[in-house]
Amino acid sequence: MSLTGQISGVIEFSAVDGPGNRFVLFTQGCNFNCLACHNPYTINLCNDCGVCVDACGSSALDVVGGRVVWNPDRCTGEDACIRICPYDSTPKAGPLRVAEVLERLRPNVPFISGVTVSGGEATQQSGFVAALFAAIKADPTLSRLTCFVDSNGAAPRSVWDELDPVLDAAMIDLKCFDDAIHRELVGSGNAQVLESIRLLAGRGKLHEVRLLLAAGVNDSDELLKRTGTWLAGIDPKMRLKLIGFRAHGVRPSPVPLVEPTAEQRAHYAEVLRNQGDFQLLVI
Amino acid sequence: MVDIEDFQTQARGLVNDRSLGYDQKLRRLSSLAVNALPYPQLSPLCTEALQARVICDMYEGNRPFTPRYVLPDYAKALRNGVAYLELESPHNLDDALAFLIILYSQVPSVTTYPVYFGDLDALLEPYVTDELSDAELDAKLRRFWIQLDRLFPDAFAHADVGPRDGRVIRSIWRVERSLRQVVPNLTLKVSPETPDDLIVDAVKTVFETGKPHFVNHPMMVADHGEEYAAVSCYNSLKVRGGAHSLVRLNLKEAVARYDGTVDGFCSESLPHWVELTAELGEARIRSLVEDAGFFESHFLATEGLIDLDRFSLMFGIFGLAECVNELMVREGRPEARYGHDQRANEVSAQIVRRIAGLVAERPLPYCGGGNGFAYLHSQSGIDLDMDTTAGTRIPIGDEPGLREHISVVAPHHEYFSAGISDIFHVEDTVKNNPAAMVDVIRGALSIGMRDFTFNLDSNEFIRITGYLVRKSDLVGIAEHGARHSSDYLAATAEINHTVTTRAVKRVVSTESSPRG
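Chains as they are written, first to last, in the working numbering: chain A, 7 to 289; chain B, 2 to 517.
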């Protein structure tokens with residue numbers, strides 16, 4: 007358990023991070039390095055190199071005692087710091103205590119179904135996530151809220167065991183069922199991701215699996231069929247979200263990443279539908 | 002006195018107009034005639050305030066001969082028949098639908114169309130038999146819905162549904178989504194017992210048509226009793242009753258005529274203007290009830306389908322935002338704005354409380370619906386309001402994040418028993434997750450909102466001040482005319498208010514940093 011998390015952002019109302027309206031916390035730091043990452047500035051913790059300090063047009067960044075310090079009052083939100091960062095990070099991320107999160111959460115409680123911790127990679131700070139969810143479950147005014155993580159699935163069993171008593175469900179990204187393509191897209195293999203999906207489904211804690219599909223990269227019929235067969239073997243009624251790759255926010259990629267058309271996305275759904283009675287949502 | 006040449010010029014203009022339809026000409030000629038009559042007797046101060054439009058009669062006409070809003074007891078009519086119309090109580094769904102259409106054609110209001118079609122699910126459910134399939138029910142309601150839109154082409158014509166589930170309400174959502182009409186305007190009554198799934202169905206209907214509004218059923222029942230309805234746009238009144246008239250106070254103009262800060266404004270200025278607004282309302286009520294004798298002669302009254310004792314006056318306010326912002330300037334904090342600053346929000350609450358208190362102390366004749374007093378109403382504007390924000394809303398384009406917005410405006414809602422509205426625009430992402438909207442709606446009602454209205458940014462249907470128009474119907478009105486009367490109001494409102502620049506609200510709203 008850890009009472010402090012490294013947090014890159016908070017969204018009070020989100021309609022896209024699990025069931026109902028949700029309060030979402032984004033952790034800083036990720037163990038993947040995906041070519042298709044939409045928010046690459048959340049990958050690393052700031053190493054205080056200071057490159058961003060001079061780039062800021064509104065003097066919102068200072069170096070204090072060797073650390074880069076962000077002054078939100080002066081920040082105009084132009085994100086020059088994020089654009090210039092050579093290290094896939096942001097000076098705006100910082101520590102947030104469980105008690106502070108609860109304080110931010112409280113005014114939103116009447117309007118939400120629950121809390122989702124996303125990232126970055128939420129399971130990289132599983133001690134903090136466990137402490138936060140435990141605090142929510144222990145507070146009678148908050149215990150109605152469901153606690154979800156949105157994860158890349160690259161976490162060992164011990165992490166899921168640690169979260170289990172306080173986690174309602176997880177949403178897992180499966181970047182690619184083929185291990186070789188997974189390595190190309192993500193920088194590492196998918197064995198742990200597949201194991202997480204199997205483990206969570208077995209515990210009744212898998213809310214959905216998301217497939218991020220880029221045209222010509224991980225969208226062949228053959229691959230989708232293999233993926234669908236494997237997922238159906240775990241749960242033929244699984245909730246599957248098919249997300250067409252979008253270039254917005256993505257870094258220049260050595261592998262050409264192409265946005266699938268609406269017709270292609272409909273076709274993916276068609277192929278998967280033949281493998282199982284999935285609840286499919288195409289985005 | 003009306004200059005006869007002037008009168009003739011205006012009448013001739015209407016008669017010869019190429020962009021107005023026959024019915025529209027008839028209505029405008031009628032208002033021209035009514036406005037040629039002298040106004041009911043007012044004190045010089047009241048006349049002056051009316052002419053300066055600090056107080057306003059909504060241009061209802063100099064001599065009212067119908068109440069502004071009439072809410073007939075359709076359930077009673079269906080039960081007993083209507084002697085005046087030689088209509089017997091219907092025994093099946095087809096007869097009930099025909100009965101209602103005929104009755105609607107005889108229901109007056111300030112728009113000349115009915116503003117209330119009834120709580121249609123509750124009215125029609127008893128006629129829906131087990132033998133009738135959903136497809137047959139949809140077909141019948143679809144024909145009925147088309148008749149409503151074509152016979153009563155005015156977006157102020159309003160139907161209510163809920164808070165209970167049933168076959169009719171489900172059919173209404175299906176028909177609404179397939180027809181995508183402006184008429185009828187729709188309100189869903191929501192109570193804690195209303196099933197989530199029914200609200201999801203309604204939310205999906207908003208995605209398609211911008212309807213319904215969602216109202217706080219327990220709060221309405223506490224104010225009006227079980228027999229109430231939301232009619233026109235955001236006007237909540239008693240069924241078998243209604244509103245004689247709507248008079249309103251422009252708070253922006255009121256504060257401009259007072260040289261001081263909020264405490265003085267509340268203690269010295271507001272009593273003066275509230276009294277003049279009430280005087281205006283009283284004169285109009287007496288003219289309607291005593292001179293025109295509406296309740297003595299109209300069959301709705303003589304057959305007990307409306308009851309004078311269930312009517313009252315609507316006392317409207319608007320321009321709260323400009324009033325508060327001006328008072329903040331006088332406190333030396335021009336940057337503090339209503340909707341964004343705690344002190345400004347407190348000042349808004351102080352003003353609303355004060356007005357509510359004054360209205361509750363000013364007795365009015367023929368206002369049994371409000372136990373002898375007016376109903377307070379946050380008036381959502383008309384097309385001629387320039388640079389003045391509707392009711393108690395936050396100015397268009399200056400709204401804070403969704404949660405903050407709801408929290409700032411919600412405390413006002415309890416005071417406005419005759420209706421209040423704030424319109425929220427949300428991003429299209431919520432389309433894949435209507436349950437998220439159900440969370441927001443339930444939350445808003447649970448913290449005391451009376452009405453919750455939202456719309457998707459991309460919608461073809463847009464709300465102007467409260468009523469709905471199709472964007473495509475606004476194009477080129479000046480040249481070819483429009484079938485819906487409210488489109489004319491919308492075309493000027495669009496120009497005067499830049500309603501389409503209303504800040505787009507993401508359901509994902511306040512993206513911020515942990516250090517913020």
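Ideal placement from N, C-alpha and C gives every residue a C-beta, glycine not left out.
A/S20 to B/N433, Cα distance in whole Å?
In the first sequence, residue 20 of chain A corresponds to position 14, counting from 1. In the second sequence, residue 433 of chain B corresponds to position 432, counting from 1. Roughly 12 Å separates the two Cα atoms.
For A/K181, count the other beta carbons within 10 Å of its own beta carbon; 16 or more makes it buried, fewer makes it exposed. Which is it?
For the purposes of this step, residue 181 of chain A is taken as residue 175 along the first sequence, with counting starting at 1. Looking at its Cβ environment, which holds 16 or more other Cβ atoms inside 10 Å, A/K181 is buried.
By alpha-carbon positions, which one of B/T112, B/V83, B/W146 ends up nearest to B/S246?
Numbered from 1 along the second sequence, position 245 holds the residue referred to as residue 246 of chain B. Closest by alpha carbon: B/T112.
Less than 8 Å between the beta carbons of A/R163 and A/L205, yes or no?
By 1-based counting over the first sequence, the position of residue 163 of chain A is 157. By 1-based counting over the first sequence, the position of residue 205 of chain A is 199. Closer than 8 Å, so yes.
Between the C-alpha atoms of B/P396 and A/W166, what's the straight-line distance to the nearest angstrom?
Here the question's residue 396 of chain B lines up with position 395 in the second sequence. Here the question's residue 166 of chain A lines up with position 160 in the first sequence. Spanning the two alpha carbons is a distance of roughly 48 Å.
Closer than 8 Å, CB to CB, is A/F154 near chain B or not?
What you label residue 154 of chain A is simply residue 148 of the first sequence in a count that begins at 1. It does not; no Cβ of chain B falls within 8 Å.
Verify whether the separation of the beta carbon atoms of B/G243 and B/F312 is less than 8 Å.
Locating residue 243 of chain B in the second sequence gives position 242, counting from the first residue. Locating residue 312 of chain B in the second sequence gives position 311, counting from the first residue. A contact, by the Cβ cut-off of 8 Å.
Assign B/V16 to one of two classes, buried (16 or more other C-beta atoms within 10 Å of its C-beta) or exposed (fewer than that).
Taking the first residue of the second sequence as 1, we reach residue 16 of chain B at position 15. Flag for B/V16 reads exposed.
Quick one: what does DSSP say A/G250 is sitting in, helix, strand or coil?
The residue labelled residue 250 of chain A in the question sits at position 244 within the first sequence. Three-state result, A/G250: strand.
Starting from A/Y47 and walking both ways along the beta strand (DSSP E), at which residues does that stretch end?
By 1-based counting over the first sequence, the position of residue 47 of chain A is 41. Unbroken run through A/Y47: none, as it is neither H nor E.
Assuming the contact rule is C-beta atoms closer than 8 Å, B/P109 and B/A284 should be a hit. Round their C-beta distance to whole Å, please.
Here residue 109 of chain B refers to the residue found at position 108 when the second sequence is read from its first residue. Here residue 284 of chain B refers to the residue found at position 283 when the second sequence is read from its first residue. The pair is not a contact, with the Cβ atoms about 20 Å apart (cut-off 8 Å).
Alpha carbon to alpha carbon, what distance is there between B/V353 and B/M329?
By 1-based counting over the second sequence, the position of residue 329 of chain B is 328. By 1-based counting over the second sequence, the position of residue 353 of chain B is 352. If you take the alpha carbons of B/M329 and B/V353, they lie about 16 Å apart.
Check B/C267 in the structure and name its three-state DSSP category.
In the second sequence, counting from the first residue as 1, residue 267 of chain B sits at position 266. If DSSP states are grouped into helix, strand and coil, B/C267 belongs with the helices.
Run through DSSP, which three-state label would B/N456 get?
By 1-based counting over the second sequence, the position of residue 456 of chain B is 455. The answer is strand: DSSP assigns B/N456 an E or B state.
When you compare the CB of A/L278 with every CB in chain B, is at least one pair closer than 8 Å?
Position 272 of the first sequence holds residue 278 of chain A. Answer no: the Cβ-Cβ gap between A/L278 and chain B never drops below 8 Å.
Listing by chain order, which chain A residues have their CB less than 9 Å from the CB of B/G402?
For this step, residue 402 of chain B is matched to residue 401 along the second sequence. In chain order: E18, F19.
Evaluate B/K563 with the Cβ neighbour count: other Cβ atoms within 10 Å of its Cβ, from every protein chain shown; 16 or more gives buried, anything less gives exposed.
Any property of residue 563 of chain B remains undetermined from this structure, which presents chain B solely from 2 to 517.
Short of 7 Å Cβ to Cβ, which residues in the stretch 114-146 of chain A face chain B?
From the stretch 114-146 of chain A, only N114, P116, F117, I118, S119 have a Cβ closer than 7 Å to chain B.
I'd like to check one pair, A/L237 with A/G282: are the Cβ atoms closer than 8 Å?
For the purposes of this step, residue 282 of chain A is taken as the residue at position 276 of the first sequence. For the purposes of this step, residue 237 of chain A is taken as the residue at position 231 of the first sequence. The answer is yes: Cβ separation under 8 Å.
Hey, how far is the Cα of A/G126 from the Cα of A/I17?
Start at 1 with the first residue of the first sequence, and residue 126 of chain A comes out as number 120. Start at 1 with the first residue of the first sequence, and residue 17 of chain A comes out as number 11. In a straight line, the C-alpha of A/G126 is about 14 Å away from that of A/I17.
Return helix, strand or coil for B/P39, following the three-state DSSP convention.
Indexing the second sequence from 1 puts residue 39 of chain B at position 38. Correct three-state label for B/P39: coil.
Can you list, in chain order, the residues of its chain with a C-beta nearer than 8 Å to that of A/A160? Leave out the 5 residues immediately preceding and following it.
Here the question's residue 160 of chain A lines up with position 154 in the first sequence. Closer than 8 Å at the Cβ level, and outside the excluded window around A/A160, lie N37, F38, E127, T129, S194, Q198, V199, S202.
Would the beta-carbon of B/S422 fall within 8 Å of that of B/T454?
Within the second sequence, the letter at position 421 stands for residue 422 of chain B. Within the second sequence, the letter at position 453 stands for residue 454 of chain B. Yes, the pair counts as a contact, with Cβ atoms nearer than the cut-off.
Interface residues of chain B around A/G26 at Cβ under 8 Å?
Counting from 1 along the first sequence, the entry for residue 26 of chain A is found at position 20. Within chain B, the residues near A/G26 are N434, A436, A437, V439, D440.
Listed from N- to C-terminal order along the chain, which residues in the stretch 419-432 of chain B have their beta-carbon within a distance smaller than 7 Å of any beta-carbon of chain A?
Cβ contacts with chain A come from T430, V431.
Excluding sequence positions up to five away, which residues of its chain have a Cβ less than 8 Å from the Cβ of B/L271?
As a working note, residue 271 of chain B is residue 270 in the second sequence. Contacts found: A255, I352, R355, I356, L359.
Tell me whether the beta-carbon of A/F117 lies closer than 8 Å to the beta-carbon of B/G444.
Stepping through the first sequence from its first residue, residue 117 of chain A is reached at position 111. Stepping through the second sequence from its first residue, residue 444 of chain B is reached at position 443. Taking 8 Å as the Cβ cut-off, A/F117 and B/G444 qualify as a contacting pair.
Hey, B/A76 and B/L125: beta-carbon distance below 8 Å or not?
On the second sequence, position 75 is the one that residue 76 of chain B refers to. On the second sequence, position 124 is the one that residue 125 of chain B refers to. Cβ distance not < 8 Å, so B/A76 and B/L125 don't count as in contact.
Assign A/H188 to one of three DSSP states: helix, strand, or coil.
As a working note, residue 188 of chain A is residue 182 in the first sequence. Of the three classes helix, strand and coil, the one that applies to A/H188 here is helix, per DSSP.
Using the three-state DSSP reduction, which class does B/V500 fall into: helix, strand or coil?
The count along the second sequence starts at 1 and reaches residue 500 of chain B at position 499. Its pLDDT being 44, under 50, B/V500 is placed unreliably in this model, and the coordinates cannot settle the point.
Between B/S379 and chain A, is any beta-carbon pair separated by less than 8 Å?
Walking along the second sequence from the start, residue 379 of chain B turns up at place 378. No, B/S379 does not count as interfacial toward chain A.
Name the DSSP bridge partner or partners of B/E177?
The residue you call residue 177 of chain B lines up with position 176 of the second sequence. Paired residue(s): none; B/E177 is not in a bridge.
Which same chain residues end up closer than 6 Å to B/V216 when comparing Cβ atoms and leaving out the 5 residues on each side of it in sequence?
Your numbering for residue 216 of chain B matches position 215 in the second sequence. So the list reads T188, K190, A231, D452, once near-sequence residues are dropped.
Cα separation between B/I496 and B/G371?
Looking up residue 496 of chain B in the second sequence gives position 495. Looking up residue 371 of chain B in the second sequence gives position 370. Residue placement at B/I496 is poorly supported in this model, since its pLDDT is 42, which falls under 50; the coordinates are not used for a value here.
Where B/V183 and B/R143 are concerned, what is the direct C-alpha to C-alpha distance, given to the nearest angstrom?
Locating residue 183 of chain B in the second sequence gives position 182, where the first residue counts as 1. Locating residue 143 of chain B in the second sequence gives position 142, where the first residue counts as 1. About 14 Å.
According to DSSP, simplified to helix, strand and coil, what is B/G317?
To locate residue 317 of chain B, count along the second sequence from 1; it is residue 316. B/G317 falls in the strand class under three-state DSSP.
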